[in-house]
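I have placed the structure first, in the form of structure tokens, so that the comments after it can refer back to it.
There are 2 protein chains.
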Amino acid sequence: MAKQAGTATRSVRGSRSGRPIMALLDLLGRRWALRILWELREEPLTSRALRSACDEASPTVLQARLTELREAGFVELGDGGGYGLTPLGRELCETFMPLHRFAERWRR
Amino acid sequence: MAKQAGTATRSVRGSRSGRPIMALLDLLGRRWALRILWELREEPLTSRALRSACDEASPTVLQARLTELREAGFVELGDGGGYGLTPLGRELCETFMPLHRFAERWRR
DNA sequence: TCCTGTGCTACATTTATCGTAGCAATACGC
DNA sequence: GCGTATTGCTACGATAAATGTAGCACAGGA
Numbered sequence: 004m005a006k007q008a009g010t011a012t013r014s015v016r017g018s019r020s021g022r023p024i025m026a027l028l029d030l031l032g033r034r035w036a037l038r039i040l041w042e043l044r045e046e047p048l049t050s051r052a053l054r055s056a057c058d059e060a061s062p063t064v065l066q067a068r069l070t071e072l073r074e075a076g077f078v079e080l081g082d083g084g085g086y087g088l089t090p091l092g093r094e095l096c097e098t099f100m101p102l103h104r105f106a107e108r109w110r111r
Numbered sequence: 004m005a006k007q008a009g010t011a012t013r014s015v016r017g018s019r020s021g022r023p024i025m026a027l028l029d030l031l032g033r034r035w036a037l038r039i040l041w042e043l044r045e046e047p048l049t050s051r052a053l054r055s056a057c058d059e060a061s062p063t064v065l066q067a068r069l070t071e072l073r074e075a076g077f078v079e080l081g082d083g084g085g086y087g088l089t090p091l092g093r094e095l096c097e098t099f100m101p102l103h104r105f106a107e108r109w110r111r
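Taken in order, these protein sequences are the chains called A and G.
So the number in my numbering is just where the residue sits in the first sequence, counting from 1, plus 3.
So the number in my numbering is just where the residue sits in the second sequence, counting from 1, plus 3.
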């Protein structure tokens, strides 16, 4: 699994262009990535609470996504335990808020 | 591979809640989905041009994503050939535009 | 007719994710 | 101390999804 340290560019899958938007789209395009950010939007959650919020997704992927999101600087592990958004992550989450309104109108 | 007709709700993976935002986050959280929307943001592209734009992603997934995005009503296949965004898809894409600015500031 | 480009598919290989179980560490109350 | 509960996190076999390469049928254009 991808878990190498965030030393370098890390050639995020399918985006060797170096354009940051591609790296971001790729990171957010992995399973549960968007969902994790969404579930943390209001308050920090423990790893198990987050798992519950994410329909009991397997801890393997959740842990992988959390590591990636932490390396990206969007999520952090509070010293008292529990995952929360960093200021940057909160900012990113704000970017996604209009999606909520859109989804409500969409209603497949 | 997921390819069933859009007959029913289709229980989008990991979102049995019925909340549309979950379905949307799930759909957009599949590989190349966000990227496809992004690459189509300006002009329609043929399937092969889209493939080139997406770093030569395998046509199997691209075709799968395109089918899903079409069923969702975000993408359509123009009668002259070439994939383009529907008005709804364009609207969704607008929602993601702030992401571009964010990514530029992010620059991992 | 041949050539080119379109959307799209087959299929074997590789990779990601799932599901279940369990670990070490850190607390609690007794 | 002892048990018990919770934390973050990992192992590992089974399953689902993505990759890479090749190629199909169809529709023009020369």
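All residues carry an ideal CB built from backbone N, CA and C; glycine is no exception.
The region 80 to 92 of chain A makes no contact with the region 78 to 94 of chain G, as fewer than three CB pairs between them are under 8 Å.
The region 68 to 109 of chain G contains, as complete beta strand (DSSP E) runs of 3+ residues, the segments 78 to 80, 86 to 88 (chain order).
For the C-beta of A/Leu28, the chain G residues within less than 7 Å are, from N- to C-terminus, Leu37, Arg38, Trp41. For the region 51 to 73 of chain G, the set of positions with a beta-carbon nearer than 8 Å to some beta-carbon of chain A reads Cys57, Asp58, Ala60 in chain order. The CB of A/Glu107 comes closer than 7 Å to the CB of Pro23 in chain G, given here in chain order. Around the beta carbon of A/Asp82, fewer than 16 other beta carbons sit within 10 angstroms, so the residue counts as exposed. Spanning the alpha carbons of G/Arg68 and A/Ala56 requires a straight line of approximately 26 Å. Comparing alpha-carbon positions, the option among A/Ala26, A/Leu80, A/Glu74 lying closest to A/Pro47 turns out to be A/Leu80.
Note on geometry: alpha-carbon atoms of A/Met100 and G/Ser61 lie some 31 Å from one another. Boundaries of the alpha helix (DSSP H) around G/Pro23: 23 to 31. Below 8 Å, enough C-beta pairs join the region 27 to 45 of chain G and the region 23 to 41 of chain A to call them touching: three or more. In this structure G/Glu71 is buried. Its beta-carbon is surrounded by 16 or more other beta-carbon atoms within 10 angstroms. Judged by DSSP in its simplified three-state form, A/Leu40 adopts helix. Against chain A, the CB of G/Pro101 has a partner CB under 7 Å away; the residue lies at that interface. Shown here for A/Val64: same chain residues with a beta carbon closer than 8 Å to its own, the five before and five after excluded, namely Arg34, Trp35 in chain order.
Contact check for G/Pro23 against A/Arg22 fails: the beta carbons are separated by 7 Å or more.
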